[in-house]
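K.L.:
One structure, as structure tokens, below. Some questions next.
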Amino acid sequence: MDMLGSPHEVEQEDIQHARSFYMTTFHDLAYLIEPAITRLVKFAKQIQGFDTLEVDDQIRLLCGCCIDLITLRAAYYISKSAKVQGLVDNALLIRGSITTTATTTTTSSSNLSNQYNTTIPHIPNHHYPKLGISDEKYAQLIRGVALKMARLNIDQTDVAMMAAILLMSPGK
76 MDMLGSPHEV EQEDIQHARS FYMTTFHDLA YLIEPAITRL VKFAKQIQGF
126 DTLEVDDQIR LLCGCCIDLI TLRAAYYISK SAKVQGLVDN ALLIRGSITT
176 TATTTTTSSS NLSNQYNTTI PHIPNHHYPK LGISDEKYAQ LIRGVALKMA
226 RLNIDQTDVA MMAAILLMSP GK
């Protein structure tokens, strides 16, 4: 008998490892997302007219915007952290010039992308700790949106209106 065992034994072992991985991963994911989905359903029920829709239509709308609304909420909470930490004022783009707290540099549109295309700063926060510091592209995009929201002084009312629009716009 060889060291690896029969092909059937190896295959069964791989299947068991895969099952264990997926069960753990999906359990963890469900644990993290369940509160967000619960808040989404409660929010949707508060929107005038949502309860008059057929249940299947309500489910379709909720499924269609779930990730968008979770992302919007994450960006909002990260924007609040950015404001508190003073990251909003560090680099503002104003009419072709990059203004920092120390200097002002005028740029043309051709070199703007080179000077302004820097990595989005880390924004530590307790709501989304990994998202605030991750170098993954998705996390950087959310932090970029969060900084824009912070610069615009987006508040909970604005986020609620955006969320209602996202919820009721299935085709986006």
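Residue numbering for the sequence shown follows our numbering, beginning at 76 and increasing consecutively. Virtual Cβ for every residue (Gly too), placed ideally from N, Cα, C. Bear in mind the structure is a predicted one, so any value in this text is a computation, not a measurement.
1. At the level of alpha carbons, what is the spacing between residue 103 and residue 92?
2. Is it the case that the Cβ atoms of residue 214 and residue 158 are separated by a distance below 8 Å?
3. My assumption, with CB atoms under 8 Å, is that residue 222 sits in contact with residue 163. Please give the rounded CB distance.
4. Which one of 148, 156 and 128 has the shortest CA to CA distance from residue 236?
5. Please identify the residue among 216, 114 and 89 whose C-alpha is closest to the C-alpha of residue 242.
6. Relative to the C-alpha of residue 238, which candidate in 97, 111, 118 and 89 has its C-alpha closest?
7. Under a three-way DSSP split, which group does residue 124 fall into?
8. CB-CB under 7 Å to residue 143, same chain, minus the five flanking residues each way: which ones, in chain order?
P.N.:
Checking against the coordinates, here is how it stands:
1. 17 Å
2. no
3. 6 Å
4. 148
5. 114
6. 118
7. coil
8. 241
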